[in-house]
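The block underneath contains the structure these notes are about, expressed in structure tokens.
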Amino acid sequence: MEFTVSQIAELVGGEVQGDKKAKVRMLAKIQEAKNGQISFLSNPKYESFIYITEASAVIVNKDFQARKPVETTLIRVKDPYSSFTLLLEEYYKFVSFQKTGVEEPSFAGEGSIFGQEIYRGAFSYIGKNTKIGTNVKIYPHTYIGDNCEIGDNTIIHAGAKLYNNTRVGSYCVIHSGAVIGSAGFGFAPQEDGTYKTIPQMGNVIIGNHVDVGANTVIDCATFHGDSTRIDDGVKLDNLIQIAHNVTIGSNTVIAAQTGISGSTTIGSSSVIAGQVGIAGHLEIGDNTSIGAQAGIGKSVPKGNVKLMGSPGFELLAFRTRSSRIFLI
Amino acid sequence: MEFTVSQIAELVGGEVQGDKKAKVRMLAKIQEAKNGQISFLSNPKYESFIYITEASAVIVNKDFQARKPVETTLIRVKDPYSSFTLLLEEYYKFVSFQKTGVEEPSFAGEGSIFGQEIYRGAFSYIGKNTKIGTNVKIYPHTYIGDNCEIGDNTIIHAGAKLYNNTRVGSYCVIHSGAVIGSAGFGFAPQEDGTYKTIPQMGNVIIGNHVDVGANTVIDCATFHGDSTRIDDGVKLDNLIQIAHNVTIGSNTVIAAQTGISGSTTIGSSSVIAGQVGIAGHLEIGDNTSIGAQAGIGKSVPKGNVKLMGSPGFELLAFRTRSSRIFLI
Amino acid sequence: MEFTVSQIAELVGGEVQGDKKAKVRMLAKIQEAKNGQISFLSNPKYESFIYITEASAVIVNKDFQARKPVETTLIRVKDPYSSFTLLLEEYYKFVSFQKTGVEEPSFAGEGSIFGQEIYRGAFSYIGKNTKIGTNVKIYPHTYIGDNCEIGDNTIIHAGAKLYNNTRVGSYCVIHSGAVIGSAGFGFAPQEDGTYKTIPQMGNVIIGNHVDVGANTVIDCATFHGDSTRIDDGVKLDNLIQIAHNVTIGSNTVIAAQTGISGSTTIGSSSVIAGQVGIAGHLEIGDNTSIGAQAGIGKSVPKGNVKLMGSPGFELLAFRTRSSRIFLI
Chain R
20 MEFTVSQIAE LVGGEVQGDK KAKVRMLAKI QEAKNGQISF LSNPKYESFI
70 YITEASAVIV NKDFQARKPV ETTLIRVKDP YSSFTLLLEE YYKFVSFQKT
120 GVEEPSFAGE GSIFGQEIYR GAFSYIGKNT KIGTNVKIYP HTYIGDNCEI
170 GDNTIIHAGA KLYNNTRVGS YCVIHSGAVI GSAGFGFAPQ EDGTYKTIPQ
220 MGNVIIGNHV DVGANTVIDC ATFHGDSTRI DDGVKLDNLI QIAHNVTIGS
270 NTVIAAQTGI SGSTTIGSSS VIAGQVGIAG HLEIGDNTSI GAQAGIGKSV
320 PKGNVKLMGS PGFELLAFRT RSSRIFLI
Chain D
20 MEFTVSQIAE LVGGEVQGDK KAKVRMLAKI QEAKNGQISF LSNPKYESFI
70 YITEASAVIV NKDFQARKPV ETTLIRVKDP YSSFTLLLEE YYKFVSFQKT
120 GVEEPSFAGE GSIFGQEIYR GAFSYIGKNT KIGTNVKIYP HTYIGDNCEI
170 GDNTIIHAGA KLYNNTRVGS YCVIHSGAVI GSAGFGFAPQ EDGTYKTIPQ
220 MGNVIIGNHV DVGANTVIDC ATFHGDSTRI DDGVKLDNLI QIAHNVTIGS
270 NTVIAAQTGI SGSTTIGSSS VIAGQVGIAG HLEIGDNTSI GAQAGIGKSV
320 PKGNVKLMGS PGFELLAFRT RSSRIFLI
Chain W
20 MEFTVSQIAE LVGGEVQGDK KAKVRMLAKI QEAKNGQISF LSNPKYESFI
70 YITEASAVIV NKDFQARKPV ETTLIRVKDP YSSFTLLLEE YYKFVSFQKT
120 GVEEPSFAGE GSIFGQEIYR GAFSYIGKNT KIGTNVKIYP HTYIGDNCEI
170 GDNTIIHAGA KLYNNTRVGS YCVIHSGAVI GSAGFGFAPQ EDGTYKTIPQ
220 MGNVIIGNHV DVGANTVIDC ATFHGDSTRI DDGVKLDNLI QIAHNVTIGS
270 NTVIAAQTGI SGSTTIGSSS VIAGQVGIAG HLEIGDNTSI GAQAGIGKSV
320 PKGNVKLMGS PGFELLAFRT RSSRIFLI
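Here it is in structure tokens:
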């Protein structure tokens, strides 16, 4: 992939000042960009880098006034940051959606339906009556159970496992080793001290533009007709635990190794750092920030707050309100 | 799966009051049950729901006296909770054990032996001299190494990995991405500052009725003849770390993302919440409750205690008593 | 595998005192060794065991003076600990490198190159233009993407996943379910509250003699030409998170469930206990010890320190220094 500066200027609706034929292959931050790369200047704090950058081109605001000589080629646009993220997006599509076709052996159950332009890697497994959208990329060793639905333009990396009845929207990315729809952790204690497993019969519904990190686990809901829900635009990092019947609101971002216990609802547009633990049956409001390693044992539904510290959450919060059925 | 109320009454030995021909397909909590579902009333605290429930039937105590009109059909039994868990169990068997037969391609090494009624999914791998019991369900992408034993009626979900010599009992459920028998973390420090890997030659022995959650890891014991041991009835949630030579006593329940370091023994009938860390070479007694995110650095062998807080455990506990061989 | 005491004495350059024809099959600690096993005595603290051990042979210092009758056979050497670790190493090679050949079905992309004596398990997948060294063992369900390089004598256990462009050195062990090269967690926030995924175009470079534990995740670097780097001799336990652009210096050991955020550098010869969280963009010096469950929010570059406690790290450390691009 190699473009001329003038091709890029056309894509972002910008005006070139400098070498229109300069070639760029990669995107980079301005403080790190090298020859053959393109960057952007949006925050004035980084202005000094534009006078020393080795980047072949830099996207700047159309009103940018250089206070020293600039050697790199400039592309002047209305909003450099938006233009750069547009390029990111185009580049992403370019690198992500090249693979098509079916590698053998691969397995597709009865009644499964496939859209156009899909890739099914060797040793991938699709169950019965599962519906795969257009331009979906299913890497090797992926398991997708029966009665699942995968929306258009979604990428499922090698070895992700989706249990029966899972629904994933469009433009999602599921990374390697992620497990979606595993049985929630629910047991009925018996008088003899043993537990009977409570069958987990619900599913997981994932919206559009959701990323699920490597080896992250999302359990299915307990009862039939219920769903663990990950809404549009949510970004989940690696090794996260999402228990049964949790809801994560749209555009919430969660960092690695955080765990959310059963039936808790997280609002939208929240940012949860790494290694956080959140007890079950809580409500966390919109626009909530939670610091790394925090333990949250009570509901904080009002939103627009920052939560930190590691008080350890209360033992009682660990059991459900139901007196005898034991669901974590 | 659809039953009449009278069929269910027969199964649980109850007496019907209402529509014997009403049909039920699902089980649900009384506060959430809908038409076509069956629930139970055991705790008097939930009595109010029986007057408003949409459930098609509710299992109640034979002495239950309604204080308001009841519209749902009642099934009167001696112990409603036991009857409901019996139904759970029957339902669970029904949904879990439908698959049989071998999907191709799948791999079975020399000398491996299979019981009746098993399911072996496509791309599953069974090593040499491995013995698989009756009615075992092995989902796609499962890896079971050489010289393993899997007991009757056990389910191994897609992509679980069992190293050589692993033994799993009957009626177990191993979820996707679980790794059982990986090498424990042991290294011999050398004078030049490097480490030599200590070969891990023991195995893992898992009892009956054990659940292992998605992406949980259980390391094998260090020396040949030794085992990391998960006893009967233990329930392990997702993303748990169980190090080499650990023993977990029967009917102990451990929530997600907890880690137990090498050679520690956990008693039976204990409840360990999520994100707990327990140092190595400790003894934790029976009936111990440990709160979420706690760090346990000392032995608490007496049992029947509740442990909370996050003191962080001591660095020394992190090394073994052996002065130079380094086993975490 | 069974050797006579005189064969072992020859290997370690020792002198036998006792039964030269005694047979040993296993290695064990002196306090646990049984008949048919060999052990060593290096630390005088363990001397008492040599008088009661059931071991068939014990490696001791050439100057060792017994103060009581010794029944076991002795092998006298210059440095018993070094001799024992040499045996460990030989044993490890013996048990690890027996498998050779290709089990079918397995997949190898165009242009992939394989050394001698390799093992490729059934359902293993090798992408295009990938180079596999001599004596490499690739277990079933392993995924190795395009343009990867795997050095000689490396073992990749069942179901490990290596994304495109990953490089792994010689004598490494990658355990089951490990994911190497997954996309780092980076998103560009948009004015409407959504995030655009920042394409992650770098790779992961792993040195020689590195162990990566089961279900551990190592993300690739963000920009093309950059690498997340795990240097020679590093030992990573299970379920660890290593974010994009992290560097781990040589001979550093990290225990289970620890997480290291993006762009942090860890020095060499450090020991990090389990469940530690380290924020992003930090520098941790050489020979640093970090206690279990600690939260590290600031750089500690000087080295030779012990860090403990769980202060929770600062929220700001959770974002990058770049003002608008959001990389955890």
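Residue numbers (this note's numbering), protein chains in the order written: chain R, 20 to 347; chain D, 20 to 347; chain W, 20 to 347. Glycine included, C-beta positions come from ideal geometry on N, C-alpha and C. It should be emphasised that the depicted structure is a prediction, and the values quoted were computed from it without experimental measurement.
field: At least 3 beta-carbon pairs within less than 8 angstroms: the segment 154 to 168 of chain D vs the segment 204 to 217 of chain D
entry: no
field: Where the beta strand (DSSP E) containing Lys76 (chain R) begins and where it ends
entry: Locating residue 76 (chain R) in the first sequence gives position 57, counting from the first residue. In the sequence under discussion, the amino acid at residue 76 (chain R) is Ala, which differs from the Lys named in the question. Where Ala76 (chain R) is concerned, the enclosing beta strand (DSSP E) stretches over Ala76 to Asn80.
- request: State buried or exposed for Phe352 (chain W), treating a residue as buried only when at least 16 other CB atoms are found within 10 Å of its CB.
  value: Past the edges of chain W, shown from 20 to 347, lies residue 352 (chain W), and the structure says nothing about it.
query: Given that Ala52 (chain D) touches chain W, what residues does it touch there, using C-beta distances under 7 angstroms?
result: Here residue 52 (chain D) refers to the residue found at position 33 of the second sequence. Here the premise fails: no neighbours, minimum Cβ distance about 38 angstroms.
query: Are the beta-carbon atoms belonging to Ala233 (chain R) and Leu258 (chain R) less than 9 angstroms from one another?
result: As a first step, residue 233 (chain R) is located in the first sequence; it is residue number 214 there, counting from the start. As a first step, residue 258 (chain R) is located in the first sequence; it is residue number 239 there, counting from the start. Contact flag set, yes.
query: Between Thr149 (chain D) and Ile137 (chain D), is the Cβ-Cβ spacing less than 9 angstroms?
result: Position 130 of the second sequence holds residue 149 (chain D). Position 118 of the second sequence holds residue 137 (chain D). Cβ atoms of Thr149 (chain D) and Ile137 (chain D): not closer than 9 angstroms.
- prompt: Are the C-beta of Asn264 (chain D) and some C-beta of chain R separated by less than 9 angstroms?
  reply: Within the second sequence, numbered from 1, the residue matching residue 264 (chain D) stands at position 245. False, the Cβ-Cβ gap to chain R never drops below 9 angstroms.
field: Cβ shell of Thr153 (chain D) (< 8 angstroms), same chain only, five flanking positions each side left out
entry: Within the second sequence, the letter at position 134 stands for residue 153 (chain D). Only Gly134, Gln135, Glu136, Ile137, Asp171 and Asn172 meet the Cβ criterion.
- prompt: Looking at Gly304 (chain D) and Lys325 (chain D), is the spacing between their C-beta atoms short of 9 angstroms?
  reply: As a first step, residue 325 (chain D) must be located in the second sequence, where it is residue number 306. As a first step, residue 304 (chain D) must be located in the second sequence, where it is residue number 285. Their beta carbons are not under 9 angstroms apart, which means Lys325 (chain D) does not touch Gly304 (chain D) by this criterion.
Which listed residue (R:Glu123, R:His194, R:Pro63 and R:Ser125) has its alpha carbon closest to that of Lys254 (chain R): What you label residue 254 (chain R) is simply residue 235 of the first sequence in a count that begins at 1. Among R:Glu123, R:His194, R:Pro63 and R:Ser125, the Cα nearest to that of Lys254 (chain R) is on R:His194.
message: If you measure between the beta carbons of Val79 (chain R) and Ile71 (chain R), is that distance less than 9 angstroms?
response: Looking up residue 79 (chain R) in the first sequence gives position 60. Looking up residue 71 (chain R) in the first sequence gives position 52. For Val79 (chain R) and Ile71 (chain R), no; Cβs fall outside 9 angstroms.
- prompt: Under 9 angstroms Cβ-Cβ, which residues of chain D neighbour Phe206 (chain R)?
  reply: Residue numbering aside, residue 206 (chain R) sits at position 187 when the first sequence is read from its first letter. Result: Asp230, Lys254 and Val272.
- prompt: Along the segment 115 to 137 of chain W, what residues have a CB closer than 7 angstroms to any CB found in chain R?
  reply: Pro124 and Phe126
task: Name, please, each residue of chain R whose Cβ falls closer than 9 angstroms to the Cβ of His243 (chain D).
output: The residue you call residue 243 (chain D) lines up with position 224 of the second sequence. Going along chain R, no residue has its Cβ under 9 angstroms from His243 (chain D), so there is no contact; the nearest lies around 30 angstroms.
message: Let me see if you follow: with CB-CB separation under 9 angstroms, is Tyr158 (chain D) close to chain W or not?
response: Counted from its first residue, the second sequence places residue 158 (chain D) at position 139. Not closer than 9 angstroms to any Cβ of chain W, the Cβ of Tyr158 (chain D) fails to qualify, so no.
message: Quick check on the burial criterion: 16 or more other C-beta atoms within 10 angstroms. Buried or exposed for Asp250 (chain R)?
response: Counting from 1 along the first sequence, the entry for residue 250 (chain R) is found at position 231. With 16 or more other Cβ atoms within 10 Å, it is buried.
message: Considering only the alpha carbon of each residue, which of D:Lys317, D:Asn227 and D:Ala311 lies closest to Leu301 (chain D)?
response: Taking the first residue of the second sequence as 1, we reach residue 301 (chain D) at position 282. If we check each option's Cα against that of Leu301 (chain D), D:Lys317 comes out closest.
field: Separation of Tyr190 (chain W) from Pro63 (chain W), as counted between CA atoms
entry: If you number the third sequence from 1, residue 63 (chain W) lands on position 44. If you number the third sequence from 1, residue 190 (chain W) lands on position 171. If I take the Cα positions, the gap works out to 33 angstroms.
- request: Assuming Asp245 (chain D) contacts Gly226 (chain D) (C-beta within less than 8 angstroms), just tell me the rounded distance between them.
  value: Working through the second sequence from its first residue, we reach residue 245 (chain D) at position 226. Working through the second sequence from its first residue, we reach residue 226 (chain D) at position 207. Actually they are not in contact, since the Cβ atoms of Asp245 (chain D) and Gly226 (chain D) sit about 16 angstroms apart, beyond 8 angstroms.
task: Would you tell me roughly how many angstroms separate the C-alpha atoms of Glu108 (chain D) and Val187 (chain R), rounded to the nearest one?
output: On the second sequence, residue 108 (chain D) is found 89 positions in, with the first residue counted as 1. On the first sequence, residue 187 (chain R) is found 168 positions in, with the first residue counted as 1. The straight-line gap from Cα to Cα measures roughly 30 angstroms.
field: Uninterrupted beta strand (DSSP E) stretches inside the segment 70 to 150 of chain W (no shorter than 3 residues)
entry: 76 to 80 and 92 to 96
- request: Could you tell me the boundaries of the alpha helix (DSSP H) in which Ser25 (chain R) lies?
  value: As a first step, residue 25 (chain R) is located in the first sequence; it is residue number 6 there, counting from the start. Looking at the DSSP string, the run of the alpha helix (DSSP H) that includes Ser25 (chain R) is Val24 to Val31.
- prompt: CB-CB under 6 angstroms to Lys53 (chain D), same chain, minus the five flanking residues each way: which ones, in chain order?
  reply: As a first step, residue 53 (chain D) is located in the second sequence; it is residue number 34 there, counting from the start. Cβ within range, chain order: Glu73.
message: Determine whether the beta carbon atoms of Leu106 (chain D) and Val35 (chain D) lie at a separation below 9 angstroms.
response: By one-based count along the second sequence, residue 106 (chain D) stands at place 87. By one-based count along the second sequence, residue 35 (chain D) stands at place 16. Cβ atoms of Leu106 (chain D) and Val35 (chain D): not closer than 9 angstroms.
- prompt: Which residue comes first and which comes last in the beta strand (DSSP E) that contains Ile217 (chain W)?
  reply: Sequence index remark: in the third sequence, residue 217 (chain W) carries index 198 (1-based). Per DSSP, Ile217 (chain W) belongs to no beta strand (DSSP E) and is neither H nor E.
task: From the DSSP output, in three-state form, read off Lys64 (chain R) for me.
output: Within the first sequence, residue 64 (chain R) is the residue found at index 45, counting from 1. Helix, per DSSP.
task: Compile a chain-ordered list of the residues in the segment 285 to 296 of chain R whose CB is closer than 9 angstroms to at least one CB of chain W.
output: Ser287, Ser288, Val290, Ala292, Gly293 and Gln294
- prompt: When DSSP labels each residue in this structure, what does Thr284 (chain W) get in the three-state scheme?
  reply: Within the third sequence, residue 284 (chain W) is the residue found at index 265, counting from 1. Three-state result, Thr284 (chain W): strand.
message: Suppose the cutoff is 6 angstroms on Cβ atoms and the five residues either side in sequence are ignored; what does the same chain contact list for Val24 (chain D) look like?
response: Within the second sequence, residue 24 (chain D) is the residue found at index 5, counting from 1. Taken in chain order, the residues that qualify are Val35, Lys39, Ala41, Ala76 and Thr92.
- request: Starting from Phe59 (chain W), trace the beta strand (DSSP E) both ways and give me its first and last residue.
  value: In the third sequence, counting from the first residue as 1, residue 59 (chain W) sits at position 40. Note, Phe59 (chain W): beta strand (DSSP E), Gln56 to Phe59.
message: Extract the residue ranges of the alpha helix (DSSP H) inside the segment 222 to 290 of chain R, only unbroken runs of 4 or more that lie entirely within it.
response: none
- request: Report the option in D:Gly212, D:Ile309 and D:Val319 whose CA atom is closest to the CA atom of Val272 (chain D).
  value: The sequence position of residue 272 (chain D) within the second sequence is 253, counting from 1. It is D:Ile309 whose Cα lies nearest to the Cα of Val272 (chain D).
field: Separation of Gly130 (chain D) from Lys147 (chain D), as counted between CA atoms
entry: As a working mapping, residue 147 (chain D) is identified with position 128 in the second sequence. As a working mapping, residue 130 (chain D) is identified with position 111 in the second sequence. Going by the C-alpha atoms only, they are around 6 angstroms apart.
field: Of the residues W:Phe126, W:Ile267, W:Val236 and W:Ala274, the one placed nearest Tyr182 (chain W), counting alpha carbons only
entry: Numbered from its first residue, the third sequence carries residue 182 (chain W) at position 163. Selected option, being the one with the closest Cα: W:Val236.
query: If we ignore side chains and look at the alpha-carbon of each, how far apart do Ile347 (chain R) and Val198 (chain W) end up?
result: If you number the first sequence from 1, residue 347 (chain R) lands on position 328. If you number the third sequence from 1, residue 198 (chain W) lands on position 179. Confidence in Ile347 (chain R) is poor, its pLDDT being 38 and thus under 50, which makes the residue's placement unreliable; the coordinate value appears in the next sentence. Computed Cα separation, rounded: 28 angstroms.
task: Using three-state DSSP, classify Gly322 (chain D) as helix, strand or coil.
output: In the second sequence, residue 322 (chain D) corresponds to position 303, counting from 1. Correct three-state label for Gly322 (chain D): coil.
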